[in-house]
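Reading through the structure tokens given below for one structure.
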Amino acid sequence: MAGQAVATAQPGTPPLTSLDGELLTKVRLAGLWEMPAGEMAQERSSDPKVQEVGRTLMTDHAVLDQEVRRVASLYAHPLPAEPNDAQKSWLTEMATSTGAQFDSVWAMRLRSAHGMIFPLIAQVRAETEDPEIRKFATTANTIVMKHMTILESTNNVDFANLADPTPLSLSSDAEGTDMVVAITLLPLLVALTIFLLWLATSRNRRHRHQEPASRRDDDEDDDDRRDDRRDNRRGGGGGQRTRLFVDKEYAR
Numbered sequence: 001m002a003g004q005a006v007a008t009a010q011p012g013t014p015p016l017t018s019l020d021g022e023l024l025t026k027v028r029l030a031g032l033w034e035m036p037a038g039e040m041a042q043e044r045s046s047d048p049k050v051q052e053v054g055r056t057l058m059t060d061h062a063v064l065d066q067e068v069r070r071v072a073s074l075y076a077h078p079l080p081a082e083p084n085d086a087q088k089s090w091l092t093e094m095a096t097s098t099g100a101q102f103d104s105v106w107a108m109r110l111r112s113a114h115g116m117i118f119p120l121i122a123q124v125r126a127e128t129e130d131p132e133i134r135k136f137a138t139t140a141n142t143i144v145m146k147h148m149t150i151l152e153s154t155n156n157v158d159f160a161n162l163a164d165p166t167p168l169s170l171s172s173d174a175e176g177t178d179m180v181v182a183i184t185l186l187p188l189l190v191a192l193t194i195f196l197l198w199l200a201t202s203r204n205r206r207h208r209h210q211e212p213a214s215r216r217d218d219d220e221d222d223d224d225r226r227d228d229r230r231d232n233r234r235g236g237g238g239g240q241r242t243r244l245f246v247d248k249e250y251a252r
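When we follow UniProt numbering, the leftmost residue of the sequence shown carries the number 1, and every step to the right adds one.
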């Protein structure tokens, strides 16, 4: 993980669960990119509403960031010191946008990111057995819900096309892991497809080779039957006359 803020656990503090630790890390990551995004709203937007919401995000995340660092220090839980790659790309996207496009990108990216972390906060709040984490999750839940609401109030959030940003990662080093897995599996899937096609083609070829032989046997049987009929016709039904003759002889 790029840049970790490491603290010493307080004596007697119970260890964090993986889910509780994930919450602390993701809240820290959220503040690391949303505070610069809020500042960017002051500089690049001409909409007073967007500027106001940006200031609120900056103020709230400054408070939340201080709290997450305090709580993490109780458990010696390491925190990232900079945004991950996905978050940096969102800031770059905002920095290269202007006017109404900036307002739209800004609101959509921030609203989407809040929507991604919101379920995690609610899950930790509902399931954690740690009173300190439960208290922190309650605070985070209130702030994130507030931010989603005020971002929507800018009228720049298109719910039908709400962007789905890359989920927040516990480690910036883990960015792109899913892509690596997909690239690794792709050749295997292609090879499997080719093998199945080859297998199906081989079966069809064997079937075609076997079918003429069967037809030849049928043709030979037909030829034999035709020869028998010709022999009967040429003999004038001799076999039948022989049986009649024998019957007559015995009849005498």
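Note that beta-carbon positions come from the ideal geometry of N, C-alpha and C, so glycine has one too.
Euclidean distance between Cα positions of residue i and residue j
| i | j | result |
| --- | --- | --- |
| residue 107 | residue 115 | 12 Å |
| residue 101 | residue 73 | 40 Å |
| residue 42 | residue 191 | 53 Å |
| residue 133 | residue 27 | 12 Å |
| residue 18 | residue 29 | 16 Å |
| residue 123 | residue 16 | 15 Å |
| residue 63 | residue 117 | 18 Å |
| residue 152 | residue 131 | 32 Å |
| residue 111 | residue 198 | 49 Å |
| residue 23 | residue 88 | 20 Å |
| residue 67 | residue 129 | 19 Å |
| residue 75 | residue 98 | 43 Å |
| residue 125 | residue 140 | 9 Å |
| residue 46 | residue 162 | 23 Å |
| residue 149 | residue 138 | 17 Å |
| residue 96 | residue 59 | 24 Å |
| residue 61 | residue 39 | 12 Å |
| residue 69 | residue 196 | 55 Å |
| residue 201 | residue 121 | 54 Å |
| residue 52 | residue 147 | 12 Å |
Option in the options with minimal Cα separation from residue i
| i | options | result |
| --- | --- | --- |
| residue 113 | 145, 139, 194 and 44 | 145 |
| residue 109 | 78, 21, 55 and 92 | 92 |
| residue 33 | 158, 65 and 195 | 65 |
| residue 71 | 31, 21, 99 and 96 | 21 |
| residue 50 | 155, 189 and 200 | 155 |
| residue 44 | 80, 78, 56 and 94 | 94 |
| residue 82 | 31, 143 and 58 | 31 |
| residue 159 | 138, 104, 189 and 193 | 104 |
| residue 119 | 200, 142, 98 and 97 | 142 |
| residue 35 | 161, 149 and 90 | 90 |
| residue 14 | 39, 138, 77 and 60 | 77 |
Exposure of residue i, with buried meaning 16 or more beta-carbon neighbours within 10 Å
| i | result |
| --- | --- |
| residue 37 | buried |
| residue 203 | exposed |
| residue 127 | exposed |
| residue 168 | With a pLDDT of only 43 at residue 168, under the threshold of 50, the placement of this residue in the model should not be trusted; the figure read from the coordinates follows. When all chains shown are included, residue 168 counts as buried. |
| residue 48 | exposed |
| residue 136 | buried |
| residue 54 | buried |
| residue 79 | buried |
| residue 84 | buried |
| residue 194 | exposed |
| residue 189 | exposed |
| residue 25 | buried |
| residue 57 | buried |
Segments of 4+ residues assigned as alpha helix (DSSP H) that fall wholly inside the UniProt domain "DUF4142" (20-149): You should have 48-74, 85-95 and 99-127.
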